[in-house]
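Mapping to our numbering: the sequence shown position 324 is 569, numbers consecutive.
Every residue, glycine too, gets a C-beta built ideally from N, C-alpha and C.
Data block below; observations after.
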Amino acid sequence: MKAPAITLKAFTRRRERLMHAIGGDAIAVIPAATESLRNRDVEYPFRQDSDFLYLTGFPEPDAVAVLMPGREAGEYVLFCRDRDPDMETWNGRRAGPDGAVADYGADCAFPIGDIGEILPGLMENRRALCAPFGHTEAMDQRLFGWVKQVRAKARSGVRAPTEFVALEHHLHEQRLFKQADELRMMRHAARISGQAHVRAMQACRPGMAEFEIEAELLHEFRRYGTEPAYHSIVGGGENGCILHYVENRSRLKAGDMLLIDAGCEHGGYASDITRSFPVSGRFAPAQREVHELVLEAQAAAIAKAVPGNHWNDPHDAAVGVLTRGLKSLGILKGRPADLIRKEAYKPYYMHRTGHWLGLDVHDVGDYRIGEAWRLLEPGMAMTVEPGLYFGPQAKAPKRFRGIGIRIEDDVAVTREGNEVLTDACPKTVDEIEACMAAGGMDRAGAA
Ligand code: GLY
Ligand code: MN
Ligand code: MN
246 MKAPAITLKA FTRRRERLMH AIGGDAIAVI PAATESLRNR DVEYPFRQDS DFLYLTGFPE
306 PDAVAVLMPG REAGEYVLFC RDRDPDMETW NGRRAGPDGA VADYGADCAF PIGDIGEILP
366 GLMENRRALC APFGHTEAMD QRLFGWVKQV RAKARSGVRA PTEFVALEHH LHEQRLFKQA
426 DELRMMRHAA RISGQAHVRA MQACRPGMAE FEIEAELLHE FRRYGTEPAY HSIVGGGENG
486 CILHYVENRS RLKAGDMLLI DAGCEHGGYA SDITRSFPVS GRFAPAQREV HELVLEAQAA
546 AIAKAVPGNH WNDPHDAAVG VLTRGLKSLG ILKGRPADLI RKEAYKPYYM HRTGHWLGLD
606 VHDVGDYRIG EAWRLLEPGM AMTVEPGLYF GPQAKAPKRF RGIGIRIEDD VAVTREGNEV
666 LTDACPKTVD EIEACMAAGG MDRAGAA
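Here it is, written out as structure tokens:
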């Protein structure tokens, strides 16, 4: 499978768009992520900051990108770790300032150790400073320290920035709208994640541990060089009713459902899929009824994820179907309109129907403009993920208890309507049963 990539040219265009938005007399400062300690001498796997990644494609920690619209000596300056043969022998290769220019499109680059001497000079006579204020205290302190250094030169006629603009104000609106190359990245991640769910369905047998199924997912992610976009949720039986269940330690029981919420990221672009299927390969009647109801709610929500509708329309559609369904299953009683108004569905459906999706799984972008839900537009990408959860204490007939079902797909709003990026992953009762049967079923008698 050929993996798509974001070209240097595309990164340049992104920086140009941001520079246009912040204005010609502003300067933007965007720090990379820092490494963080897991335990003594061991770091968590490094994940680049999404804003920094979006603008630079530069994969290393300890870097700061600076954008200066109109600067003749170069609008894009990158501070990064210097080359260091010793450190590179221990900890891996570094691009160094020369590599930052040659391979990552920086106009000029300097060692990160020199930033304190160089950056205040770059801020001189720029009216506005645009940066991720309020994210880390360390960065805030450094930013304002540099501004103070510029102010100290006021008597020599130098002006320091007087306006401080949150980077996300401009950048997150830009990131919300996915370009064609970004959608190619997301499609790729979605396809691999879909295959991972198929692998999990086909490997699943009663008696296996949840972590064994998690291993199948990771195998599929890693064989294409992708990473998990978040910790995989693999919850058998009532564990499927714990929304952020990540222990993945229990044994799978014949007759139970298994809920898997797992997705990989490619080049930082996330996918986010949930499927729920019977451990034994065949849905019991109560499981089938709930699954079909959630699927109907999802279809109604996806149909609403089209341009011109507002952000909340898919959620409202899902809530409508689920509420009427809970009534016909005999779990809720009353008029659907009243039940919806009183949020009677909430004990069984307590989360929202989706979130923006992109470089962050819960991606950036405002959900409201002022008080009103924002309108959906082509280029926005989101998840659609209704569910129903009947924990062991649920007020519901016994046959439903222990069933947790969520169905989650990734949807890009297009000019014509939408595209379901995760469409290849089996979803209906028949598709799931056929997929599991094709996995070589020796789950006989297990249901
Ligand atoms: N996997 C996290 C979510 O579904 O929001
Ligand atoms: Mn999600
Ligand atoms: Mn999810």
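What does the Cβ neighbour count give for G690, buried or exposed, with the cut at 16 atoms within 10 Å? Locating residue 690 in the sequence shown gives position 445, where the first residue counts as 1. Confidence in G690 is poor, its pLDDT being 48 and thus under 50, which makes the residue's placement too unreliable to answer from.
Leaving out the 5 sequence neighbours to the left and right, which residues in its chain are closer than 8 Å to R613 when beta-carbon positions are compared? Here residue 613 refers to the residue found at position 368 of the sequence shown. So the list reads W556 and R619, once near-sequence residues are dropped.
Cβ separation of F256 and G315, assumed to be a contact under 8 Å, to the nearest whole Å: Start at 1 with the first residue of the sequence shown, and residue 256 comes out as number 11. Start at 1 with the first residue of the sequence shown, and residue 315 comes out as number 70. No, F256 and G315 are not in contact; Cβ-Cβ is about 19 Å, not under 8 Å.
Presumed contact (8 Å Cβ cut-off) between G513 and L604, rounded CB distance: Mapped onto the sequence shown, residue 513 falls at position 268. Mapped onto the sequence shown, residue 604 falls at position 359. With a Cβ gap of about 5 Å, G513 and L604 count as contacting.
For a test of the three-state rule: what should DSSP assign to F256, helix, strand or coil? Residue 256 sits at position 11 when you count from the first residue of the sequence shown. In the structure shown, F256 sits in a helix (DSSP, three-state: H, G or I).
Unbroken beta strand (DSSP E) runs of length 3 or more, entirely within the segment 277-311: which are they? 282-284
Range of the contiguous beta strand (DSSP E) that encloses S521: Taking the sequence shown and counting its residues from 1, the one referred to as residue 521 is at position 276. I518 to P523 is the span of the beta strand (DSSP E), which, as asked, contains S521.
How would you label C486, buried or exposed, when you count the other beta carbons within 10 angstroms and need 16 or more for buried? By one-based count along the sequence shown, residue 486 stands at place 241. So C486 ends up on the buried side.
Is any heavy atom in ligand 1 found nearer than 7 Å to the beta carbon of R261? Numbered from 1 along the sequence shown, position 16 holds the residue referred to as residue 261. According to the sequence displayed, residue 261 carries Glu and not Arg. No; taking the cut-off as 7 Å, the Cβ of E261 has no heavy atom of ligand 1 nearer than that.
What would DSSP say about T598, mapped onto helix, strand or coil? Taking the first residue of the sequence shown as 1, we reach residue 598 at position 353. In this structure, T598 counts as coil in the three-state DSSP scheme.
E362 to F409, Cα distance in whole Å? Along the sequence shown, read from residue 1 onward, the residue named residue 362 stands at position 117. Along the sequence shown, read from residue 1 onward, the residue named residue 409 stands at position 164. Each residue's alpha carbon lies about 21 Å from the other.
Across the segment 533-551 and the segment 314-331, are there enough close Cβ pairs to call them in contact, namely three or more that are closer than 8 Å? no
Minimum C-alpha distance to F522 - residue among D506, I585, A425 and H380: As a working mapping, residue 522 is identified with position 277 in the sequence shown. The shortest C-alpha separation from F522 is found at D506.
Taking 8 Å as the cut-off, decide whether the C-beta atoms of T568 and I652 are in contact. Start at 1 with the first residue of the sequence shown, and residue 568 comes out as number 323. Start at 1 with the first residue of the sequence shown, and residue 652 comes out as number 407. It is not a contact, given that the beta carbons lie outside the stated cut-off.
Please determine if the segment 438-445 and the segment 631-644 are in contact, where contact requires at least 3 C-beta pairs separated by less than 8 Å. Contact fails between the segment 438-445 and the segment 631-644, because fewer than three Cβ pairs, one in each stretch, are under 8 Å apart.
Expressed to the nearest angstrom, what Euclidean distance is found between the alpha-carbon atoms of L421 and A448? In the sequence shown, the residue the question calls residue 421 occupies position 176. In the sequence shown, the residue the question calls residue 448 occupies position 203. Distance between the alpha carbons of L421 and A448: 36 Å.
Using a threshold of 8 Å, state whether the C-beta atoms of A474 and E510 are closer than that. Within the sequence shown, numbered from 1, the residue matching residue 474 stands at position 229. Within the sequence shown, numbered from 1, the residue matching residue 510 stands at position 265. Yes, they are a contact pair.
So what's M368 in DSSP terms, helix, strand or just coil? If you number the sequence shown from 1, residue 368 lands on position 123. In the structure shown, M368 sits in a helix (DSSP, three-state: H, G or I).
Euclidean distance between Cα positions of L367 and A351: In the sequence shown, counting from the first residue as 1, residue 367 sits at position 122. In the sequence shown, counting from the first residue as 1, residue 351 sits at position 106. About 15 Å.
Quick one, which of M453, E537, P530 and E461 has its alpha-carbon nearest R496's? Sequence index remark: in the sequence shown, residue 496 carries index 251 (1-based). Closest option to R496, Cα to Cα, is M453.
Pull up the distance between the alpha-carbon of I677 and that of P671, whole angstroms please. In the sequence shown, residue 677 corresponds to position 432, counting from 1. In the sequence shown, residue 671 corresponds to position 426, counting from 1. Looking at the two C-alpha atoms, the distance is approximately 5 Å.
In the DSSP assignment, find the beta strand (DSSP E) that holds R651 and state where it starts and stops. Position 406 of the sequence shown, counting from 1, holds the residue named residue 651. Unbroken beta strand (DSSP E) run through R651: I648 to R651.
Which value, in whole angstroms, describes the spacing of the CA atoms of F355 and L462? Indexing the sequence shown from 1 puts residue 355 at position 110. Indexing the sequence shown from 1 puts residue 462 at position 217. C-alpha separation (whole angstroms): 41 Å.
Quick check on DSSP: helix, strand or coil for H555? Counting from one through the sequence shown, the residue named residue 555 turns up at place 310. Residue state, collapsed to three classes: strand.
Could you tell me if M681 is buried or exposed, where buried requires 16 or more neighbouring beta carbons within 10 angstroms of its beta carbon? For the purposes of this step, residue 681 is identified with residue 436 of the sequence shown, where counting begins at 1. Classification for M681: buried.
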